[in-house]
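The block underneath contains the structure these notes are about, expressed in structure tokens.
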Amino acid sequence: MSARRFSVENYTGFINPITDLDTEAIMFWRACCSAWALFLVAAIIGAQEFRATLTGRVTDPQNLTIAEATVQVRNASTDEVSSTTSDSHGNFSIPFLRPGTYTITVFHAGFRQFTQQGVTLEVAQAAFLPIQLQLGAENQSVLVTAEAPLLETATADRGGVVDTQRVSELPLNARNPFMLGAMMSGVTFRGSAIWQRPFDNGAIAEWSINGSRQRQNEFLLDGAPNNGQAGGNNVAYVPIVDAVQEFKMQSNTYDAQYGHTAGGIMNVVLKSGGNKFHGSAWEFMRRTWLDANTFQNNSQGAPRAVHYLDQYGGQVEGPVLFPKLYNGHDKTFFLFSIENYREGTPSPLLLSVPAPEFLNGDFSKLVDANGKPITIYNPFTTNFDASGNPIRSPFPNNQIPASMINPIAQKILSYFPKPNTTTPNSAYGQNNLSIPGYFAKDKFYNYIARVDEILGQAHRIFGRYAQNSRTEDRNDNGIFSGPGQGGQQPFQRLNWAATVDWVGTFSPNFIGNVRLSFNRFIEQGFAAGDVGFDLTTLGFPASTISQLPGGKFFGRYEFDGYSYLGRYPDVNITNNYGINPNLTKIWKSHSVHTGLDFRRIYYILNGTGNIWRFKAYRNYTQQTWNQGDPLSGNSIASFLLGVPSEGGSDYPLFPFFRQWYYAPFLQDDWKVSSRLTLNLGLRWDFILAPDEKYGRLDYRFDPNAQADPASFPELANYKGGLTFAGVSGNPAKAANTNYGNIQPRIGVAYQLSRHLVMRGGWGRYFANPSNDWQKTTGFSTKTPLVSSNDGGRTPIPNLLSNPYPNGILTPTGSSRDAATFVGRDFSWFNPNFKTPSVDQFSLGFQIELSRSSTLETSYVGSRGHDIQDERAYNIPSLDLRRQCNLLEGGNHTYCDAKLPNPFYQQPAFLGTSFYTSPTLSRFQLSRPFPQFNGDLKEQGLNGGATWYNSLQVDYNVRWGKSLNLLADYTFSKLVERWGYNDPYRSIAQEGPYYNDRPHMLKVTSVYELPFGRGRGIGGNVHGFLDQLIGGWETTAFLTAQSGEPADLPWNVRILRDPKLSIPDWHAPKVQGWRPCVLQMDPNTGAVSPEPYSINYGCGTDPSTYNFLILPPYAPRETPFRSGQIRMYHTLTMDASLDKTFPFGERARLQLRLEAFNVLNHYAFPLERFNTNPFDPNFGSLFPGRISTVNSGMPRQLQLGAKFLW
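Quick note, my numbering runs 13 ahead of the 1-based positions in the sequence shown.
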């Protein structure tokens, strides 16, 4: 099955979301047209802006203000002119100016004409330009060629702008402009180091800005929303670098027109054509011989894997001309850009697959990493102790008799590839399949088309359409074709983005703007080899297989400690429609904006789930049924007996979620005096909870609900159950609407002197909620695999031969009311959920050190409120827990005790373990709602919080076109409260957020070397010598930052500080903390060292040990993470050396040598130490086994050529 054939339109079992979306789109655009008409009549609505605003004050030589002075602003590229007049206080303001270079002209009777050239306006900039007119005749002029002031005196907003030069010249890995955000202070990128390409839409959304949680940021493209709800707030469309005019990271925004974020805003503005034709063509390439070997291959002595990359394209822009038909000079301009990407990425695989003899039941060679035998026990032993616990006997010679091997399991395991290597410090059968030369393949195309039209002096309009498509072929389980295939084979991402924008000048001081936007983001992936497989050929009963929904697939099989087999397809789609009208009124010293940010979001899931899934753990072949033991049990052995530990058959729903978002705002930028500017704003977010187009949505869990006693008499004595949206008087949406999302904003910019400005502000922001509130329990269902009828003590023999004897369950929707999902575990979303908010604040001083440099030092902080949290809902009382927890004087046997099951063989529980098991544990039957299996989880609670404090220092140098330097340092602390250590006592977890990095240093530079004609060295050379030594440029981007806090184990007590002074990060095995662990007898409380701890050298004296493994039912005592023990720090540097050859006056050829990770620093910031205290590798990691996803690539060189004219 090819990637092109697989689509949401023709896949059997899926709804047709494209047709369905198009119907909804027609309805939406009708509403948009009505809203636009209302705007033109009533003019009371607004938008998020990407263009600059130029403000200023006109004075005479005595600094007295001049009224009625004419101010004209001319775009150097298009010759477009915008004009206004100064008011009675000499103030003027011209909004909606595209980023670029401008000439400012001011004239008034009795004064010389003032002209300032080369004024650069940046994306979303509020620039203030003081203008002093000289006495004289109007036909006399004063020409100023100096650049505009560097100080930001008109706004308190913080952030950073990457101008055209740095956008086009900096070495960007895979040429993704959003990665320019990594240059800014207070900004942390936590995505994979290898997935930063323009089609890695999810990975490149992993930003934390000034302490925000990840994926809580707003992405804008030409001011239009560019988020994809699919995948959890992904970036939807990523533009071509050469088409980008400027990029701005808005880390603190006190302007009320911006919202829909609890972090920052990444604002990308595309180029437009001008009066002159310009074009470019480029090719960037990488090859194996340009790369260093991967760290993983070096650890195994393997050669470099084949790697290739070609990224090529072209761009043309200029006036629209049709000879003898139309001349678009000064009014109609176009831009068209296209790029293709082809890459084979080294993705060496080191996997664990069953040893060949395992498939025949022979585990006689099975030993752990220290050479100690791992014993396989017979789970069908019939002897029991006095407490009812099975006494399991080992298999003789560690071999399972052939008569006990399940033929279905044996056949499934035969699809694993055979091992081909051994790895030191590994258990037998672990890390035994090495494919060092494997590389994944990606194909991607991207194009942008844009047209700008100037309709006289009063109206401007532009339209932009962009599209891209990515197809990936990536394997992660070593099976490259046929059944069992895994990974993305293939995986596709498709994007469409369109915008139409109109600006109308009703008068010089009254301007309107309307923007219509649309983007569609689709993800779809599957494994071609698994499609069309007949499960009955494995031996599964045809009567069961015929009940499965959807098409034929191989299934999914997982094994603890080993690789996996098979995957199912999934598709998700987001459509994002927006209309953003706004008005700007300039009145005296006030610039007032008002408007509405209006969006309609459609989100469709067309994933099949896991229709046929099994997973095996070691529990059924370990010595003790309820106590982990590293020297007994094996998941392959358990599966081979035909007794997987868990599994299920999903019967999926293909939901169509719809969500509305409205946000009116009012912003007043008030120039109180020549020194003081106030930014005053108010925004009101209406984030309506989603509904489902066909009414298939949960509402909440009602503790007083009761099932119909006539239909379900077995539940007559039990209260509590799920309720549904739109049923029994419930709202049709997933949650109630919160009307309190009011966001005041205030910013202050005060110019203390000519070279010093103080800037500070405070603002409230509301997050874009996650997808958690889209619950459809009951409308989809899962038939859980019941592997034991006595709570896991003994498995059901040969379960694989008939895994679902009572058949496959089908969804019941809301028809069962409170009886829905009895016997099972599920979660729901709090209908009284409040949108999480963040208060951001800053106070700093910006000083102009010279005409080309500034230094800004700021305190920047944030406080997160009502952060989305979750909690176990169906837990027994604290008194019961005390009777079961050894540390509180109890014993686990009290809770483990088996009691008669009141739900046994009751029809409402068909398809669950409650139906088949004659007994249940006392712990289960003591739950508040014992008819439901497990804790039940209530999501959408608002118990979380975050605290962020930082010192941020920014040094910026713009020395003409020769040197562009930005250096940032951030010293910070980020703490979160999320989750519970002990939900029985409501003890919340509080500690460092996983993205906490106390120190971050970033340095970015673009430097034209001072050689050649007209330069400092060799300024008088000519001809060949000038071509040889001139036109050289170097760039660099250096990042150094602290490591993240280490994850801590949950089931231990820390007896004393386990921290090692300095881990040896270059060792084959990195030990993060002392693995000196005591184990506790769950019955007597006697403690003894774990055997591997003695081997490590911890000794036998318990008083010197660091950890104690907690007994069953003990609450967690450790925080989630430790700020004292941290992962490896990050030090990376990208650099380039460029040479430009001029051809005539307009054409030039640029040759580039770019190096990524030029220091070849091995970093693994996303990796974590082993947190399993039963594992001999507890507290350690193996750098040689870390995948490139977590470690990134070694040094890679890239050759590039770009021809510009």
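Cβ coordinates follow ideal geometry from the N, Cα and C atoms, glycine included. Quantities reported herein were computed from a predicted structural model and do not represent experimental measurements.
Exposure of residue i, with buried meaning 16 or more beta-carbon neighbours within 10 Å
i       : result
Lys344  : buried
Thr848  : buried
Gly326  : buried
Phe27   : Confidence is the limiting factor: at Phe27 the pLDDT is only 39, short of 50, which leaves the residue's position unreliable, though a coordinate-based value still follows. Result: buried.
Ala540  : buried
Lys684  : buried
Pro470  : Sequence check: residue 470 is Gln here, not Pro. Classification for Gln470: exposed.
Glu901  : exposed
Asp721  : exposed
Gly497  : buried
Ile404  : exposed
Ser1116 : exposed
His1035 : exposed
Asn239  : buried
Rounded Cβ spacing between residue i and residue j (contact assumed at less than 8 Å)
i       : j       : result
Pro369  : Tyr575  : About 14 Å; that fails the 8 Å criterion.
Phe839  : Leu949  : 7 Å
Ser866  : Val970  : 4 Å
Leu974  : Gly1044 : Note that residue 974 is Lys in the sequence shown, not Leu. No, Lys974 and Gly1044 are not in contact; Cβ-Cβ is about 12 Å, not under 8 Å.
Thr1017 : Leu163  : With 8 Å as the limit, Thr1017 and Leu163 do not qualify as a contact, their Cβ atoms being about 17 Å apart.
Ser651  : Ala629  : 5 Å
Trp786  : Phe737  : That belief does not hold up - the Cβ atoms of Trp786 and Phe737 are roughly 14 Å apart, past 8 Å.
Ile421  : Phe297  : Going by Cβ atoms, the distance from Ile421 to Phe297 rounds to 51 Å, so no, they are not a contact pair.
Three-state secondary structure (DSSP) of residue i
i       : result
Gly1197 : helix
Asp1151 : strand
Lys261  : strand
Glu989  : strand
Lys1015 : strand
Tyr633  : helix
Thr906  : helix
Ala1214 : strand
Ile1067 : strand
Asp176  : coil
Ala48   : Its pLDDT being 46, under 50, Ala48 is placed unreliably in this model, and the coordinates cannot settle the point.
Met192  : helix
Ile558  : helix
Gly1205 : coil
Lys795  : strand
Val366  : coil
Pro643  : coil
Asp830  : helix
Arg713  : strand
Glu165  : coil
Pro941  : coil
Met197  : coil
Residues that DSSP places opposite residue i in a beta bridge
i       : result
Tyr590  : Phe531, Arg613
Ser875  : Gln853, Tyr961
Trp1086 : Lys1072
Pro332  : Phe346
Ala1001 : Tyr993
Lys598  : Phe523, Val605
Trp841  : Glu951
task = Check whether the region 941-961 touches the region 877-892, counting contact only when three or more Cβ pairs, one atom from each stretch, lie closer than 8 Å.
result = yes
message = Under 8 Å, with one C-beta from each stretch per pair, do the region 829-846 and the region 919-935 reach the 3-pair mark?
response = yes
query = Okay, do the region 515-532 and the region 557-565 touch, 3+ Cβ pairs below 8 Å being the bar?
reply = no
task = Count the CB pairs spanning the region 1066-1080 and the region 1128-1142 that are closer than 8 Å, and state whether there are at least three.
result = Yes, the region 1066-1080 touches the region 1128-1142.
ask   = Given 8 Å as the limit, is there contact between the region 465-483 and the region 402-422, that is, 3 or more CB pairs closer than that?
value = Counting Cβ pairs under 8 Å, fewer than three are found: no touch.
query = Do the region 668-679 and the region 602-616 meet, that is, are 3 or more Cβ pairs less than 8 Å apart?
reply = yes
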